[in-house]
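Just so we're aligned: 103 in the UniProt record's numbering is position 103 of the sequence shown, and the numbers increase by one with no gaps anywhere. We put the beta carbon where it would ideally sit given N, CA and C, even for glycine. Note that the coordinates shown come from a computational prediction; the quantities given were computed from them, not determined experimentally. Accompanying notes for the structure given below.
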Amino acid sequence: MPLLVMKFGGTSVADLDRIRNAAGKVRREVERGYDVIVIVSAMSGKTNELVGWVEQTSPMFDAREYDAVVSSGENVTAGLMALTLQEMDVPARSWQGWQVPLKTTSAHSAARIEEIPRANIDAKFAEGMRVAVVAGFQGISPEGRITTLGRGGSDTTAVAFAAAFGAERCDIYTDVDGVYTTDPRIEDKARKLDKIAFEEMLELASLGAKVLQTRSVELAMRYKVRLRVLSSFEENTENSGTLVCDEEDIMEKNVVSGVAYVRDEAKMTLISVADRPGIAAAIFGPLSDAGVNVDMIVQNISEEGRTDMTFSCPVNQVARAEKAMQDAKEKGEINFHDLVADTDVAKVSVVGIGMRSHAGVASQMFKALSSEGINIKVITTSEIKISVLIDRKYMELAVQALHDAFGLDKAA
Ligand code: ADP
Ligand code: ASP
Ligand code: MG
């Protein structure tokens, strides 16, 4: 039988009524003749609550126990979804990650999927089960401990299942009706895209557009999964939502295709470190060992053998970063005069494949920001994106100004 993967995010399973609504969509696909693998997230807000409990209990928590706690939200919705389907006379069964077993690396809280053996679920399909409901976001490490795939990880569970089971399509049901030129909650004029190229979606996701987890886009690209984002609150048709596809399949091509943001960033500056070979390794090695996700890095001009080193990281990792740097200083591995943390910054980025062949995007971006009086603190660029760090209070304004400046409300 043909198979579909349908993933429902937190707001789509936020209460029993919404679970029933989602189950109704699953039943429709079963009636059309599909076997379905449903991937569910935790009820909206649940994972944040669980993370909060972990942080209150143990600020420098053991990531294995973090995973044990935060993975639990998905267990509840998986069971409830299976029960709801059974009540609708759809033969359904739930699986937690370890029962599949969805095998991952041991990188707790950011684990990668290594293998999804099909035997257990296939055996149930062979017995007449029509829907396998799988708890998203979680797996099991080689050591036999529960792991999680990073925030937003149910998207990745969904795509990985679609690849492993050769699904006809992977439908990601969420609380917006597709991928937009920017977050429609920040910019009213954001425009829904019928199609977006894998590479652009990958950049947008990695630069903060949380509609899809970055890793899910990577997997879809690698395994050629037909990936669609659509609303769980609408009657969907064959063509609704946004299809993530190859660049060649897209007619419309704006130079810039989207604007993304990360609200809670921090800018850290090590004042007066020795400017010598090996200094970057001595700084960023311990940060990485401490689990700090360093993003932008800028080394300032050196004077008399000393320099300032600036980097950005998520604001909730500032304490870890500070501790790692103080420890390295005490061990004599690095020496610095001071460590200054600016915890009120945000990152705003513009993305577009068209930038490869089109000059002037950076200057247009900087002009748009300056005409709103927004000061840029750090800049980074790559082939198809430009990112800036700015004061957090200007983040919405910056997103809107850039959306306007690049005419994203209009199709090319
Ligand atoms: P789910 O719980 O269904 O996984 P998420 O909250 O993770 O949903 O992702 C959906 C949200 O992503 C939307 O509500 C929207 O605010 C946000 N978002 C950010 N950027 C975009 C974008 N470019 N297009 C669509 N949604 C976006
Ligand atoms: N519940 C997890 C989170 O909120 C995973 C997901 O929803 O994708 O991050
Ligand atoms: Mg999500």
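Check                                                                                           : Outcome
Buried or exposed (CB count within 10 angstroms, at least 16 for buried), Ala220                : buried
Lys210: CB within 8 Å of a non-hydrogen atom of the ligand MG                                   : yes
Ser231 - DSSP class collapsed to helix/strand/coil                                              : strand
Contact set for Ala401: own chain, Cβ-Cβ below 7 Å, skip 5 residues either direction            : Ala368, Leu369, Glu372
Sub-9 Å separation of Arg191 and Ala132 beta-carbons                                            : no
Reduced DSSP secondary structure (H/G/I, E/B, other) of Glu114                                  : strand
Within the region 275-343, ranges of the alpha helix (DSSP H) (whole runs, at least 4 residues) : 279-289, 318-330
Endpoints, the alpha helix (DSSP H) within which Arg366 is located                              : Residue identity check: residue 366 is Phe in the sequence provided, not Arg. Taken as a continuous stretch (DSSP letters only), the alpha helix (DSSP H) holding Phe366 covers 361-370.
Length of the line joining the Cα atoms of Glu187 and Asp409                                    : 10 Å
Reduced DSSP category for Ser154 - H, G, I as helix; E, B as strand; rest coil                  : helix
Three-way DSSP call (helix, strand, coil) for Leu212 in this model                              : coil
For Phe366, the nearest candidate out of Phe165, Pro91, Val388, Val273 (CA to CA)               : Val388
Integer Cβ distance of Asn335 from Ala274, believed to fall under 8 Å                           : 6 Å
Min CB distance Leu3 to chain B below 9 Å                                                       : This model lacks chain B altogether; it includes just one protein chain.
Buried or exposed by the 16-neighbour rule on C-beta atoms within 10 Å, applied to Pro286       : buried
Cβ-heavy atom distance, Thr11 to the ligand ADP, below 8 Å                                      : yes
Where Gln326 falls, given that 16 or more other Cβ within 10 Å makes a residue buried           : exposed
Rounded separation between Ala160 and Ala167 - CA only                                          : 10 Å
Simplified DSSP assignment, three categories, for Arg263                                        : strand
Integer Cβ distance of Lys7 from Ile172, believed to fall under 8 Å                             : 5 Å
Whether Gly136 touches Gly153 by CB criterion (9 Å)                                             : yes
Under 9 Å between C-beta atoms of Val229 and Val294                                             : no
Proximity winner among Ile353, Gly332, Cys313, relative to residue 486 (alpha-carbon distances) : This structure gives no information on residue 486, because the portion of the chain shown stretches from 1 to 412.
Reduced DSSP category for Tyr34 - H, G, I as helix; E, B as strand; rest coil                   : coil
For Asp171, the residue or residues it bridges with in DSSP                                     : Met6, Arg228
Any non-hydrogen atom of the ligand ADP closer than 8 Å to Arg185 Cβ                            : yes
Contact between the region 47-54 and the region 16-29 (3+ Cβ pairs under 8 Å)                   : no
Same chain, Cβ closer than 6 Å to Val69, five either side skipped, listed in chain order        : Leu50, Val54
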